[in-house]
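Residues in the sequence shown are numbered from 38 upward in steps of one, following the working numbering.
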Amino acid sequence: MPEHDLTTAGADQDLPLLRDAAREAGLIAMRYFGNNPQVWMKGGTSPVSEADHAADAYLRQTLLAARPDYGWLSEETADD
């Protein structure tokens, strides 16, 4: 995996992207609140819902489009 700029300049560029993506993912998840989203159990004891998958899909698409070299690791996504 390539080295990434973790200096203040790099953080200054990433922070607005991350903040905006997190806010939008929250809005996506809130659309499911009170609407009885489908829920599955993963690993037998941990619930995951449509809202989780929708927010995860948005974050993956948005963040990888903006920073394709950063990679993706998520609780809701199978590892490659």
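Built from N, CA and C at the ideal position, the CB exists for glycine as well. The structure displayed is predicted, hence computed values, not measured ones.
Bridge partner(s) assigned by DSSP for residue i
{"i": "residue 77", "result": "85"}
Per-residue DSSP class, three states only, for residue i
{"i": "residue 105", "result": "coil"}
{"i": "residue 68", "result": "coil"}
{"i": "residue 99", "result": "helix"}
{"i": "residue 110", "result": "coil"}
7 Å Cβ cutoff met for residue i and residue j
{"i": "residue 62", "j": "residue 95", "result": "yes"}
{"i": "residue 74", "j": "residue 58", "result": "no"}
{"i": "residue 52", "j": "residue 103", "result": "no"}
{"i": "residue 65", "j": "residue 48", "result": "no"}
Minimum C-alpha distance to residue i - residue among the options
{"i": "residue 56", "options": "113, 115, 100 and 105", "result": "100"}
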